[in-house]
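Undergrad: Attaching a single structure in structure tokens format; questions to follow.
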Amino acid sequence: MPQLQFNDPIGPTDGSHTATVIFLHGLGAAGPRWRDDMQRRLVQPNPSTLSHIRFVFPKAPKDTQGAEGVTHGREAWHVFNDGKRYPFRKIEDGEHVHQASMDAAVLAVDGVLREEVGKLRGKGAANRVVIVGFSQGGAAALMAALTAGEVAVGGRTAGRDGWKVAGVGVIDSYIPVPAEFERRYSAHAHARHTPILWRHNEGDTTINTPVGEQCTTKLAELSRRYGGLAPIDFKIYPREEKSQSQNHVPENKQLDALFEDLAVWLPTGNVF
């Protein structure tokens, strides 16, 4: 995956921030809309609570290699095997995610994490970082934050120890390649304790509600199996009257819930 481009960040530009949120967009949504929406709906209404947080918005590259399918020519964190496309109706649909493309995204997000942790300049600074993702971005956030072990991309193998982040926020998403995710989760020393906020829209016909239910059940099971007790907060938002083309977008209530958790996960101050 080529070096990522970014939309403009939100928050302190002088290095005075003490926490960071990395937001990963959905398929084909790398434009500034997410950044502008979060500025308007999340940050501006809560200036005193979030003023210490830097928000960064990396952009996935356009898929120019995959077959002419749902991802072709669009900004994508991963492509699909076997011509699979959305909708996802069950957790097993995540097995159609192309592993190598997902691994490339994970390494790219690792690079963003490494850079942002460096800017925080403190021992244990990763625990002042939250990764949030919508749809495909949520899949990339889960894989980047909760897995470890070796990844092979472009004939090269890279080892990953795993990050101890403050939390993971997921909106209308899924676990990518669930069997491989589970294997790599077991190699991550901190995943079993990492808080997860998962919000799903009941009317989502792209990533159906049962996918979110099954994925959060699996994450809770994995946490317990490996001796942890990760707080997993899953909530379904009632369907609103929207057109078919608008049902795979986050509701205001989903972003409100995200704000509430950010205030808890990333309190004001430098607490390394």
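Okay, so the sequence shown: first residue is 23 according to the numbering used here, each after it adds one. Glycine included, C-beta positions come from ideal geometry on N, C-alpha and C.
Candidates H270, N230, G189: which alpha carbon is nearest E282's?
TA: The sequence position of residue 282 within the sequence shown is 260, counting from 1. When only C-alpha atoms are compared, the closest one is G189.
Undergrad: Closest to V119 by CA distance: which of S38, W287, Y196 is it?
TA: To locate residue 119, count along the sequence shown from 1; it is residue 97. The shortest C-alpha separation from V119 is found at Y196.
Undergrad: Mark S123 as exposed unless 16 or more other C-beta atoms lie within 10 angstroms of its C-beta, in which case mark it buried.
TA: Sequence index remark: in the sequence shown, residue 123 carries index 101 (1-based). It is buried - the Cβ of S123 has at least 16 other Cβ atoms within 10 Å.
Undergrad: Whose C-alpha, out of A174, D125, L26, is nearest the C-alpha of E308?
TA: Since the first residue of the chain shown is 23 and the last is 294, residue 308 is not available in this structure.
Undergrad: Any idea if S265 is buried or exposed, counting beta-carbon neighbours within 10 angstroms, 16 or more meaning buried?
TA: Stepping through the sequence shown from its first residue, residue 265 is reached at position 243. Low local confidence applies: a pLDDT of 48 at S265 is under 50, so the model's placement there is unreliable, with the coordinate-based value given in what follows. So S265 counts as exposed.
Undergrad: What's the gap between the Cα of M165 and the Cα of V65?
TA: If you number the sequence shown from 1, residue 165 lands on position 143. If you number the sequence shown from 1, residue 65 lands on position 43. Looking at the two C-alpha atoms, the distance is approximately 26 Å.
Undergrad: Quick one: residues in its chain with C-beta nearer than 6 Å to the C-beta of P289, no 5 flanking neighbours on either side, listed in chain order?
TA: By one-based count along the sequence shown, residue 289 stands at place 267. Closer than 6 Å at Cβ, skipping near neighbours: no residue.
Undergrad: If I follow the unbroken beta strand (DSSP E) through V190, where does it start and stop?
TA: As a first step, residue 190 is located in the sequence shown; it is residue number 168 there, counting from the start. 189 to 193 is the span of the beta strand (DSSP E), which, as asked, contains V190.
Undergrad: What three-state label does DSSP hand G171 in the structure shown?
TA: On the sequence shown, residue 171 is found 149 positions in, with the first residue counted as 1. G171 falls in the strand class under three-state DSSP.
Undergrad: Using the rule of at least 16 other Cβ atoms within 10 Å of the residue's Cβ for burial, across every protein chain shown, is R62 buried or exposed?
TA: Looking up residue 62 in the sequence shown gives position 40. Exposed, since its Cβ has fewer than 16 Cβ neighbours within 10 Å.
Undergrad: Considering only residues of the same chain and omitting the five flanking positions on each side of V78, which have a CB-CB separation below 8 Å?
TA: In the sequence shown, the residue the question calls residue 78 occupies position 56. Within the same chain, V78 has close Cβ partners F28, P31, T42, V43, I44, F45, V134, E138.
Undergrad: Any contact between the stretch 213 to 221 and the stretch 179 to 194? By contact I mean 3 or more CB pairs, one from each, below 8 Å.
TA: Result yes; three or more Cβ-Cβ pairs closer than 8 Å.
Undergrad: Tell whether a beta-carbon distance below 7 Å holds between G225 and R261.
TA: The residue given as residue 225 occupies position 203 in the sequence shown. The residue given as residue 261 occupies position 239 in the sequence shown. Taking 7 Å as the Cβ cut-off, G225 and R261 qualify as a contacting pair.
Undergrad: Quick check: is the beta carbon of W287 nearer than 7 Å to any beta carbon in chain C?
TA: Looking at the structure shown, chain C is missing, and only one protein chain is on hand.
Undergrad: Classify K112 as helix, strand or coil using the three-state DSSP reduction.
TA: Within the sequence shown, the letter at position 90 stands for residue 112. Of the three classes helix, strand and coil, the one that applies to K112 here is coil, per DSSP.
Undergrad: How would you call E90, buried or exposed, if buried means at least 16 neighbouring beta carbons within 10 angstroms?
TA: For the purposes of this step, residue 90 is identified with residue 68 of the sequence shown, where counting begins at 1. At E90, the pLDDT of 48 sits below 50, so the modelled position is not reliable and the matter cannot be decided from this model.
Undergrad: So for R96, helix, strand or coil by DSSP?
TA: Start at 1 with the first residue of the sequence shown, and residue 96 comes out as number 74. Residue state, collapsed to three classes: coil.
Undergrad: Along the chain, where does the alpha helix (DSSP H) containing N29 start, and where does it finish?
TA: Within the sequence shown, numbered from 1, the residue matching residue 29 stands at position 7. Note, N29: premise wrong, no alpha helix (DSSP H); beta strand (DSSP E) at 27 to 32.
Undergrad: Does the stretch 140 to 152 come close enough to the stretch 168 to 178 to have 3 or more Cβ pairs within less than 8 Å?
TA: Judged by Cβ distances under 8 Å, the stretch 140 to 152 makes no contact with the stretch 168 to 178, as fewer than three pairs qualify.
Undergrad: How far does the beta strand (DSSP E) with D255 in it reach, from first residue to last?
TA: On the sequence shown, position 233 is the one that residue 255 refers to. Run containing D255: 254 to 259, per the beta strand (DSSP E) assignment.
Undergrad: Which same chain residues end up closer than 7 Å to D171 when comparing Cβ atoms and leaving out the 5 residues on each side of it in sequence?
TA: The residue labelled residue 171 in the question sits at position 149 within the sequence shown. A small fix is needed here, since residue 171 is Gly in this sequence, not Asp. Within the same chain, G171 has close Cβ partners R182, R206, A209.
Undergrad: From P200 to D36, what distance separates their C-alpha atoms?
TA: Working through the sequence shown from its first residue, we reach residue 200 at position 178. Working through the sequence shown from its first residue, we reach residue 36 at position 14. C-alpha separation (whole angstroms): 40 Å.
Undergrad: How long is the line joining the alpha carbons of L241 and A162, rounded to whole angstroms?
TA: Numbered from 1 along the sequence shown, position 219 holds the residue referred to as residue 241. Numbered from 1 along the sequence shown, position 140 holds the residue referred to as residue 162. Cα to Cα, the separation comes out at about 15 Å.
Undergrad: Under the three-state reduction of DSSP, which class applies to H39: helix, strand or coil?
TA: Here the question's residue 39 lines up with position 17 in the sequence shown. Coil.
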